[in-house]
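Student: For the sequence shown, the numbering used here gives the first residue as 256, with consecutive numbering after it. Below is a structure I'd like to ask you about.
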Amino acid sequence: MREVQEQKTSSAGEGLPGERTVYRHVLNCPGGYPAELTDRRRLAAAGGEIRVAYDPRRRVSPAPEGASSPWAAGLGAVVLLALSTLVAAAGPFRDE
């Protein structure tokens, strides 16, 4: 990694989140892709190493290796399926 640029942003208005810091990591990857990676946290110091997972076909944005996992989305889908099955099995609500 060549350098890290820190940018602070703030939102104006009632109820909006306050100041936020975004770190832009300028990379030095073989072949030139990906050229940069942004994150809400500093992943490494300038001159350090970041392992990046990326799709060579560029269909998905690059991410720090191991940063995302399909398990959270899969678990959410299973929970929603179970709840909808329970609601469907209960049948229509009747006044008896």
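Think of the CB as a built atom: it goes at the ideal place given N, C-alpha and C, for glycine as much as any other residue.
Roughly how many angstroms lie between the CA atoms of Gly329 and Leu336, to the nearest whole one?
Tutor: Straight-line Cα distance between these residues: approximately 11 Å.
Student: Taking only the alpha-carbon atoms, compute the straight-line gap between Pro319 and Val259 and give it to the nearest angstrom.
Tutor: Approximately 14 Å between the Cα atoms of the pair.
Student: So the candidates are Gly331, Pro347, Gly302, Asp310; which of them puts its Cα closest to the Cα of Tyr288?
Tutor: Answer by Cα proximity: Asp310.
Student: Run through DSSP, which three-state label would Val315 get?
Tutor: Looking at Val315 - three-state DSSP - the assignment turns out to be coil, as it is neither helix nor strand.
Student: Can you tell me which of Leu282, Leu292, Glu291, Glu274 puts its alpha carbon nearest to the alpha carbon of Lys263?
Tutor: Among Leu282, Leu292, Glu291, Glu274, the Cα nearest to that of Lys263 belongs to Glu274.
Student: Could you round the C-beta distance between Leu298 and Leu282 to whole angstroms and report it? I think they count as a contact, below 8 Å.
Tutor: With 8 Å as the limit, Leu298 and Leu282 do not qualify as a contact, their Cβ atoms being about 10 Å apart.
Student: Could you tell me the boundaries of the beta strand (DSSP E) in which Leu292 lies?
Tutor: Unbroken beta strand (DSSP E) run through Leu292: 291-294.
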